[in-house]
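Written below as structure tokens is the structure these notes are about.
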Amino acid sequence: MKNITFDKNTVRIHGRPRLSGEVYCPSSKSAAHRELIAAALSDGPSVLFCRGISKDIRATADCLSALGADIRIDNDLIRVSPIKEPARKATLNCNESGTTLRFMIPLAAFLGVDTTFVCAPGLARRPISVLCDELTRHGVTFPDGYSFPLRMNGKALGGEWRIRGDISSQFISGILLALPLSDIPSTLEVVGRCESLPYINITVGVMLSRGISVSGSGSVYSVNTGKYSSVGSEALPHLIESDWSSAAFWLAAGLSSDEGITVHGLKCDSCQGDKAILPLLISAGARIESSDEKIKIRKSSLHSFDCDCSQTPDMVPVLSVCAAIADGESKIRGIERLRLKESDRIESTMAMLTSLGISSSYSDGIMTVRGGKIRKGSVNGYNDHRIVMSAAVASCFTDEEIEISDAFAVEKSYPSFFDHFISLTKD
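Following our numbering, the numbering of the sequence shown begins with 12 at its first residue and continues without gaps.
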């Protein structure tokens, strides 16, 4: 493919690749983490169909196996035999997956497993103290403090739990998923503003669909004890829905396509917060047709937009590319927590834009992007999958070459991204 070349971990995209055609996005990484945990805690075997299994999903599967589940991955099929007797001791390697770490800490605590957590250096720098403090309040000990390798022992007790809502929704989801293991019904109070509420809604949706009694929304949740119900079979595996976060890249790329890009498998009634990109692009002038889990987007001229991403932080890098090609000055709000992602995504997103000749600024949680002409540039991928994919999308809007480092970072969430990019490129 003449438009795209790879040199070790660097990708070079040349001369405005013309993308068109159809694509099936991977299954939702957010849903897959939760479905795997539910399967590992269920009353029988489950068979899941997860299109495009990423490094983060493998990390969760490996950790659940270390805790006592039997999990086997065969292409896109995941067969799960649940935990019957939890391991007495386990070492859990969460790799680079923040979701895995923040879900496994409360899960291992409620299972009473003497656990050592290891992870990549970047993940070890992300905050967990709020979660560990609350676990300590409920009977868990961390003999060496909260540094990595993180050692944890003791068994968490049910009852009344409290956690801040403004640091990571993963703390809330991790506790909710584990609370059914308690001997008594429990409550979880979310203190202060609850960020990324759509991700908590995904958690609650999975729990309800698997027979767990959970109620509440945003401030206080009540969870009864019980086992999750198994799902899927060899004849009819349980389908994990497609990922709106991944689809966002093709919807943005479609803004350059005369023939259009059609994205299949998306549920417009999904709990995924990143589906908000669809009405946002339409309001900014995008030409979009949607029907029957199929969305087609064609070449469009965007005007500036003003959006709040406090509930959908993963959209910010790709939305910054949309803002870069829009007329006028766009504002992306509510992004303070982006400093705590795989990279400092405020810094890395703005560095990407600067490398491509686009002006941006940041103040008080608001990124301002001034639309302009995307130019030749060398983008530091910061080992951040969303920066790499966003920069690749930007190449669709320039005749000049864009070079992107850390291209293999896409394996974290979307291993087939560049395969799909190439398949959509027309020479």
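Ideal Cβ placement from N, Cα and C applies to all residues, glycine included.
Helix, strand or coil, according to DSSP, for residue i in the structure here?
{"i": "E340", "result": "strand"}
{"i": "I178", "result": "coil"}
{"i": "R113", "result": "helix"}
{"i": "D85", "result": "strand"}
{"i": "C282", "result": "coil"}
{"i": "L30", "result": "strand"}
{"i": "L277", "result": "coil"}
{"i": "F429", "result": "helix"}
{"i": "K423", "result": "helix"}
{"i": "F159", "result": "coil"}
{"i": "L59", "result": "strand"}
{"i": "S39", "result": "coil"}
{"i": "L142", "result": "helix"}
{"i": "D317", "result": "strand"}
{"i": "K166", "result": "coil"}
{"i": "K310", "result": "coil"}
Return the Cβ separation of residue i and residue j in integer angstroms, given the expectation that the two are a contact with Cβ distance under 8 Å.
{"i": "M115", "j": "C74", "result": "5 Å"}
{"i": "K307", "j": "G271", "result": "5 Å"}
{"i": "I82", "j": "A70", "result": "With a Cβ gap of about 12 Å, I82 and A70 do not count as contacting."}
{"i": "N394", "j": "D375", "result": "28 Å between Cβ atoms; not a contact."}
{"i": "V380", "j": "A334", "result": "4 Å"}
{"i": "V91", "j": "P56", "result": "7 Å"}
{"i": "L289", "j": "V234", "result": "Contact flag wrong, Cβ pair sits at about 32 Å."}
{"i": "K387", "j": "I413", "result": "7 Å"}
So, using beta-carbon positions, are residue i and residue j closer together than 8 Å?
{"i": "V22", "j": "F429", "result": "yes"}
{"i": "T436", "j": "P28", "result": "yes"}
{"i": "L266", "j": "K305", "result": "no"}
{"i": "L78", "j": "A119", "result": "yes"}
{"i": "I48", "j": "L208", "result": "no"}
{"i": "G150", "j": "K166", "result": "yes"}
{"i": "N14", "j": "K66", "result": "no"}
{"i": "L199", "j": "Y232", "result": "yes"}
{"i": "H396", "j": "S372", "result": "no"}
With burial defined as no fewer than 16 other Cβ atoms inside 10 Å of the residue's Cβ, what is the status of residue i: buried or exposed?
{"i": "V329", "result": "buried"}
{"i": "L219", "result": "exposed"}
{"i": "H314", "result": "exposed"}
{"i": "L146", "result": "buried"}
{"i": "T111", "result": "buried"}
{"i": "V201", "result": "buried"}
{"i": "T214", "result": "buried"}
{"i": "I94", "result": "buried"}
{"i": "G203", "result": "exposed"}
State the start and end residues of the unbroken beta strand (DSSP E) segment that holds residue i.
{"i": "G227", "result": "225–227"}
{"i": "L481", "result": "Because the chain is modelled from 12 through 438, residue 481 falls outside the range shown and cannot be assessed."}
{"i": "L247", "result": "Looking at the DSSP string, L247 is not in any beta strand (DSSP E), and its letter there is neither H nor E."}
{"i": "M378", "result": "377–381"}
{"i": "T127", "result": "125–129"}
Determine the extent of the alpha helix (DSSP H) in which residue i is found, giving its start and end residues.
{"i": "I211", "result": "208–220"}
{"i": "S366", "result": "356–366"}
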